[in-house]
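Using my numbering, the letters of the sequence shown correspond one by one to residues 232 to 387. Idealized CB from N, CA, C, for every residue including glycine.
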Amino acid sequence: MSYEDNKIKVPRFNEESGFYTTQKRSKIMSKIKGKNTKPELQFRKALWKRGVRYRVDSKKLPGKPDVSIKKYKLAIFIDGEFWHGYNWDERKKTIKSNRRFWVPKIERNMQRDAEVNLQLKEMGYTVFRFWEHEIKKDLEKCLNDILVFISVGYNN
Numbered sequence: 232m233s234y235e236d237n238k239i240k241v242p243r244f245n246e247e248s249g250f251y252t253t254q255k256r257s258k259i260m261s262k263i264k265g266k267n268t269k270p271e272l273q274f275r276k277a278l279w280k281r282g283v284r285y286r287v288d289s290k291k292l293p294g295k296p297d298v299s300i301k302k303y304k305l306a307i308f309i310d311g312e313f314w315h316g317y318n319w320d321e322r323k324k325t326i327k328s329n330r331r332f333w334v335p336k337i338e339r340n341m342q343r344d345a346e347v348n349l350q351l352k353e354m355g356y357t358v359f360r361f362w363e364h365e366i367k368k369d370l371e372k373c374l375n376d377i378l379v380f381i382s383v384g385y386n387n
């Protein structure tokens, strides 16, 4: 499936396009991090503690995975629920302000995630995507998924 022909268009978020935000909301949004979030740091620290060495935000790979392990051709993403559309069919209905911006924005993020997954798979990589809440609630299960993959991949 080729996404290039059907890319979702996201409008510019500015007053000229009819989008408004309060100074308070703007300040809150400016504090949101894209890299080194608490769940990412928690996951990386636990992975390192178990002796797994990795790269962070590798620019050589599509989508710049949060964690990549070249030896095992492994790409790991830790996705924020809002930005990457967790439970999107339900959550989409709850967006009240600036829907004309946020709905296409998040749907384009989801589309890009699928494109990146496909590109990585074509390069021979295995892709793991964890939601932030999975890391926060069950870090051990997420780590175990990676460790099992590594142990099976290493023995083959």
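So residue i is in the beta strand (DSSP E); what residue range does that whole segment cover?
i           : result
residue 305 : 305-310
residue 298 : 298-300
Determine which residues share a DSSP beta bridge with residue i and list them.
i           : result
residue 357 : 305
residue 287 : 298
How big is the Cα-Cα spacing for residue i and residue j?
i           : j           : result
residue 355 : residue 324 : 37 Å
residue 318 : residue 344 : 15 Å
residue 299 : residue 379 : 16 Å
residue 358 : residue 311 : 16 Å
residue 361 : residue 266 : 15 Å
residue 238 : residue 339 : 7 Å
residue 313 : residue 365 : 14 Å
residue 271 : residue 291 : 19 Å
residue 273 : residue 321 : 28 Å
residue 296 : residue 307 : 6 Å
residue 350 : residue 326 : 31 Å
residue 276 : residue 374 : 11 Å
Between which two residues does the alpha helix (DSSP H) harbouring residue i extend?
i           : result
residue 366 : 363-368
residue 293 : Note, residue 293: premise wrong, no alpha helix (DSSP H); not H, not E.
residue 269 : 269-280
Subject >> Contact between the stretch 331-340 and the stretch 281-292 (3+ Cβ pairs under 8 Å) >> reply: The answer is no - the stretch 281-292 does not touch the stretch 331-340, with fewer than three Cβ pairs under 8 Å.
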